[in-house]
Amino acid sequence: MNKIKFSENHFKKIMYDYQSLIERNKKVLKIYTPRNSNLSFLKKNSFNGIINSDNYKDNSVIIKISDWNQNSSYIKFRLKSVDTKSTETSYQGIEILTNQDYTLNKNSSIIEIDKNTFYDDLLLNISYNSDTLDLGKEKDPFRSSVRVKLPHKITDTMRLRQSFIGKIINERISYLSSKKNDSFIYTNTSSLGKYIISRDTLKPEIIPINFKSNSNIKGKRSLRLRLKDELSGIKSYSSYFNGNWALFEYEPKSNLIFHNLSDGVIENGENELIIKYEDGVGNKGVYKSKIYY
């Protein structure tokens, strides 16, 4: 493998066993050249991963692994062949060719697939039952996203605003940014799996971490608050001291926002802090607190 161009960087995923990567978070590297992978970072290699033991007299295999500095390790083993009976395997599903566009309908749900969405041709086993769209097991990587449209009969404006398409992961719903019209809720996704219409009815939670309302914060370097939304996430927030905008930086991994008091926005004496916030489906809230400096 040579150095990788930025434009080809996403092709690295086809060099791993994708199912092991998704299910066990293990990077199992393929030692053969995948189909449709005429890439500049791969040396010419006609080996397709299939070993015909009849072509090898001693059935010995040596795998050489090298890093960028040409430090190498070797794996040596022998193959033992056994007589097998030829069997026919039947495959079911919708054939998806990489060079074609598709619009698939399943019980009023719609899946739109552009050409070159996948790295290789594949079979999709799609079902739509009990309001759950199942695109099949996650065993094939995406090159780009597909559009999923799920039908709805929601007439209440607020209920529709709070609704979204979520992906079911380990029996929990993971939010996907979604759009709506009178007939469908739709989103883009870059993975197979199960999808369902869900709803977020709760506004985000905000809690001060290193100060209390009506307290004196003289001597502190910053103000820190936890801003968290369990389902659709934080879409936006804005912060003000005495009506003047103030910068609060966001740490999404720890669900924290913080303001450095050295910015000079806060005034001596009494200050009113107002933080307006909104989650991914439009649930809004306002935090107010008086503090002294």
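For the sequence shown, the numbering used here gives the first residue as 169, with consecutive numbering after it. Virtual Cβ for every residue (Gly too), placed ideally from N, Cα, C.
For residue 375, which three-state DSSP category applies? Look at residue 375 here: in three-state DSSP terms it is strand.
For residue 374 and residue 448, believed in contact at Cβ under 8 Å, the rounded distance: The pair is not a contact, with the Cβ atoms about 16 Å apart (cut-off 8 Å).
Below 8 Å, can you find three or more Cβ-Cβ pairs linking the stretch 255-270 to the stretch 283-303? The stretch 255-270 is in contact with the stretch 283-303.
Residue 316 classed as buried or exposed, judged by whether at least 16 other C-beta atoms fall within 10 angstroms: With a threshold of 16 other beta carbon atoms within 10 Å, residue 316 meets it and is buried.
Suppose the cutoff is 8 Å on Cβ atoms and the five residues either side in sequence are ignored; what does the same chain contact list for residue 332 look like? Result list for residue 332: 343, 344, 345, 346, 353, 355, 365, 366, 367, 368, 400, 448, 449, in chain order.
Evaluate residue 183 with the Cβ neighbour count: other Cβ atoms within 10 Å of its Cβ, from every protein chain shown; 16 or more gives buried, anything less gives exposed. Its Cβ being crowded by 16 or more others within 10 Å, residue 183 is buried.
Inter-residue Cα distance where the pair is residue 243 and residue 309: Approximately 28 Å between the Cα atoms of the pair.
Drop a sphere of 10 angstroms on the beta-carbon of residue 257, count the other beta-carbons inside from all chains shown, and report buried for 16 or more, exposed for fewer. Burial is judged here by how many other beta carbons sit within 10 angstroms of a residue's own beta carbon; residue 257 has fewer than 16 and is exposed.
If distances are taken between C-alpha atoms only, which option among 451, 186, 420, 341 comes closest to residue 330? With distances taken between Cα atoms, residue 330 lies closest to 451.
Is the shortest distance between the beta-carbon of residue 365 and the beta-carbons of chain E less than 9 Å? Structure shown: chain E not included; a single protein chain is present.
With distances taken from CA atoms, which of 422, 248, 446, 181 is nearest residue 311? Comparing Cα-Cα distances from residue 311 to each of 422, 248, 446, 181, the minimum goes to 181.
So, at 8 Å on beta carbons, what are the nonlocal neighbours of residue 246 in its own chain, with the 5 sequence-adjacent residues on each side left out? Non-local C-beta neighbours of residue 246 in its own chain, meaning closer than 8 Å and more than five positions away in sequence, comprise 226, 227, 228, 229, ordered along the chain.
Please report how far the alpha carbon of residue 431 lies from the alpha carbon of residue 350, in whole angstroms. Going by the C-alpha atoms only, they are around 47 Å apart.
Leaving aside the five residues before and after residue 446 along the sequence, list all residues of the same chain whose C-beta is less than 6 Å from its C-beta, in chain order. Only residues of its own chain outside the window of five on either side were considered, and among them 403, 404, 452 have a CB closer than 6 Å to the CB of residue 446, listed in chain order.
Reference residue 276; option with closest CA among 338, 300, 288: Shortest Cα-Cα distance from residue 276 to any of 338, 300, 288 involves 300.
Could you spell out where the alpha helix (DSSP H) holding residue 188 opens and where it closes? Here the alpha helix (DSSP H) through residue 188 covers 186-192.
Within the same chain, show all residues whose beta-carbon is closer than 6 Å to that of residue 425, passing over the 5 residues directly before and after it, in chain order. Within the same chain, residue 425 has close Cβ partners 393, 395, 416, 418.
Can you give the Cα-Cα distance for residue 407 and residue 387, rounded to whole angstroms? Straight-line measurement puts the Cα of residue 387 at about 21 Å from the Cα of residue 407.
Going by C-alpha to C-alpha distance, which of 313, 322, 379 sits closest to residue 457? With distances taken between Cα atoms, residue 457 lies closest to 379.
Under the rule that 16 or more other beta-carbon atoms within 10 Å means buried, what is residue 287, buried or exposed? Burial call: buried.
Using alpha carbons as the reference points, say which of 220, 305, 335 lies closest to residue 251. With distances taken between CA atoms, residue 251 lies nearest to 220 out of 220, 305, 335.
Just to check my reading of the structure: residue 383 and residue 429 have Cβ atoms closer than 8 Å, yes? What is that Cβ distance to the nearest angstrom? With a Cβ gap of about 14 Å, residue 383 and residue 429 do not count as contacting.
Three-state secondary structure assigned by DSSP to residue 179: Here DSSP, grouped into helix, strand and coil, assigns residue 179 to helix.
Short Cβ contact (9 Å threshold) for residue 262 with residue 292: Contact: yes.
Quick check: residue 307 and residue 190, are their CB atoms within less than 9 Å of each other? A Cβ-Cβ contact shorter than 9 Å links residue 307 with residue 190.
For residue 361, tell me which candidate among 381, 328, 371, 304 has the shortest Cα-Cα distance. In terms of Cα proximity to residue 361, the closest of 381, 328, 371, 304 is 304.
Could you tell me the distance, in whole angstroms, from the CA atom of residue 436 to the CA atom of residue 338? Their backbone Cα atoms lie some 51 Å apart in a straight line.
Buried versus exposed call for residue 460 [16 or more other C-beta atoms within 10 Å across all chains shown]: It counts as exposed.
9 Å Cβ cutoff met for residue 348 and residue 320: Result yes, Cβ atoms of residue 348 and residue 320 sit closer than 9 Å.
Considering just the uninterrupted stretch of the alpha helix (DSSP H) at residue 325, what are its terminal residues? Residues 325-329.
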